[in-house]
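Numbers 56 to 305, taken from our numbering, label the letters of the first sequence in order. Backbone N, C-alpha and C define an ideal beta-carbon position, used for all residues, glycine too.
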Amino acid sequence: MRLATWNVNSIGARLPRLLPWLEEVAPDVVALQETKCADAGFPHIELSALGYESAHAGDGRWNGVAVLSRLGLSEVSLVLDGHPEPRFASARCGPLQTLSVYVPNGRSLDDPHYAYKLAWLQSLRERLEQADPAVPLVVMGDMNIALRDEDVWDITAFRESTHVTAAERAALQSLLDWGLVDVQARPGKGEVPFTYWDYRAGMMHKNLGMRIDYVLATRAVQVRDAWVDREARKGKGASDHAPVVVDVDL
DNA sequence: ATGTCATCTTAGAGATGA
């Protein structure tokens, strides 16, 4: 079984890249983030033509998450309790419980959005308590957290920044402590396989990136291979995030 | 690194978010 997660930064703008990518890479289960579209505008038909059922939570301009599956799609849940923004989608995809999450950015340490980020992560942790860490389950998505210093291009550039604070890392570690493994992708251009590069200042070209997109899997999911598809971040009309692809056995 | 991209408002450049 092949899994993938990708922050597409607007599924509308990205459809000319997303559809060929799905055909080429042929993942069985996909978590998407930042679809930036309302449910009515989600391309269910185009995805169906490629064999995917899809569940989408979105309300328009911001956020938006989806789960795509060609192994069946059931037990859909699109709400994380207490949080109206569409940042959570959960579904059973064949034998695999699949969560697609778009963790709030946080913006800056003194912004209310930062506290919201931590509260949202706490809610996600509580949501996991309703599941069983012994079953095949993955949490995939844009965590907006770099778990280790080496997961950003230069930790000294993050002195007063979100994404690297002890509180954020503890919140992500708390998800792992429930019973999830942080699946390690093969090394990329550098030692750490970054998943995000800012559009500005030639960051991609200089490989000044961040590892903030994750596949977190229970131990019932046996990982065969994992990589970041940097090619999908290149060229015209690319997202600022690259997909993470993971081959697993259950 | 602050160099781009996407979307919405309301008709075209600015605001917002990442």
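1) List the DSSP bridge partners of S109.
2) Using only CA atoms, which one of E101, W233, W208, A144 lies nearest to P188?
3) Measure the alpha-carbon distance for D295 versus N62 and round it to whole angstroms.
4) Are L230 and S178 close, meaning C-beta to C-beta below 8 Å?
5) Given a threshold of 16 other Cβ atoms within 10 Å of its Cβ, counted over all protein chains shown, does L305 qualify as buried or as exposed?
6) Whose C-alpha, out of D165, P150, D197, is nearest the C-alpha of V190?
7) Which residues does DSSP pair with A263 in a beta bridge?
8) Between the alpha carbons of G290 and P71, how many angstroms are there, rounded?
9) Using only alpha-carbon positions, find the residue among R180, G119, M195, W282 that is nearest to A95.
10) Could you check how far apart the C-beta atoms of R74 and L105 are, in whole angstroms? I think they sit under 8 Å.
11) Look at V84 and T153 and say whether their C-beta atoms are less than 8 Å apart.
12) When the Cα of H138 is compared with those of G257, L126, E181, N262, which residue comes out closest?
13) Which residue from E140, L192, H218 puts its Cα closest to that of D204?
14) Let me know if Y254 comes out buried or exposed under the rule of 16 or more other beta-carbons within 10 Å of its beta-carbon.
Considering the structure as presented:
1) Counting from one through the first sequence, the residue named residue 109 turns up at place 54. In the DSSP output, where bridge partners are listed per residue, S109 has L123.
2) Translated into the one-based positions of the first sequence, residue 188 becomes position 133. Checked all of E101, W233, W208, A144; the closest Cα to P188 is W233.
3) As a position in the first sequence, residue 295 is number 240, starting the count at 1. As a position in the first sequence, residue 62 is number 7, starting the count at 1. Taking the CA atoms as reference points, D295 sits about 8 Å from N62.
4) Taking the first sequence and counting its residues from 1, one reaches residue 230 at position 175. Taking the first sequence and counting its residues from 1, one reaches residue 178 at position 123. Judged by beta-carbon spacing, S178 lies beyond the 8 Å limit of L230, meaning their Cβ atoms are not closer than that value.
5) In the first sequence, the residue the question calls residue 305 occupies position 250. Its Cβ having fewer than 16 others within 10 Å, L305 is exposed.
6) Here residue 190 refers to the residue found at position 135 when the first sequence is read from its first residue. When only C-alpha atoms are compared, the closest one is P150.
7) Within the first sequence, residue 263 is the residue found at index 208, counting from 1. A quick correction: the sequence has Leu, not Ala, at residue 263. Answer is none; L263 lacks a bridge partner.
8) Sequence index remark: in the first sequence, residue 290 carries index 235 (1-based). Sequence index remark: in the first sequence, residue 71 carries index 16 (1-based). Cα-Cα distance, rounded: 12 Å.
9) The count along the first sequence starts at 1 and reaches residue 95 at position 40. Of the candidates R180, G119, M195, W282, the residue whose Cα lies closest to the Cα of A95 is G119.
10) Counting from one through the first sequence, the residue named residue 74 turns up at place 19. Counting from one through the first sequence, the residue named residue 105 turns up at place 50. According to the sequence as given, residue 74 is Leu; it is not Arg. Correct: roughly 7 Å between the Cβ atoms.
11) Sequence index remark: in the first sequence, residue 84 carries index 29 (1-based). Sequence index remark: in the first sequence, residue 153 carries index 98 (1-based). In this structure, T153 lies closer than 8 Å to V84 by Cβ.
12) The residue given as residue 138 occupies position 83 in the first sequence. Distances from the alpha-carbon of H138 to those of G257, L126, E181, N262 put E181 closest.
13) For this step, residue 204 is matched to residue 149 along the first sequence. Taking only the C-alpha atoms, the option nearest D204 is H218.
14) Start at 1 with the first residue of the first sequence, and residue 254 comes out as number 199. Counting Cβ neighbours within 10 Å, Y254 comes out exposed, since fewer than 16 surround it.
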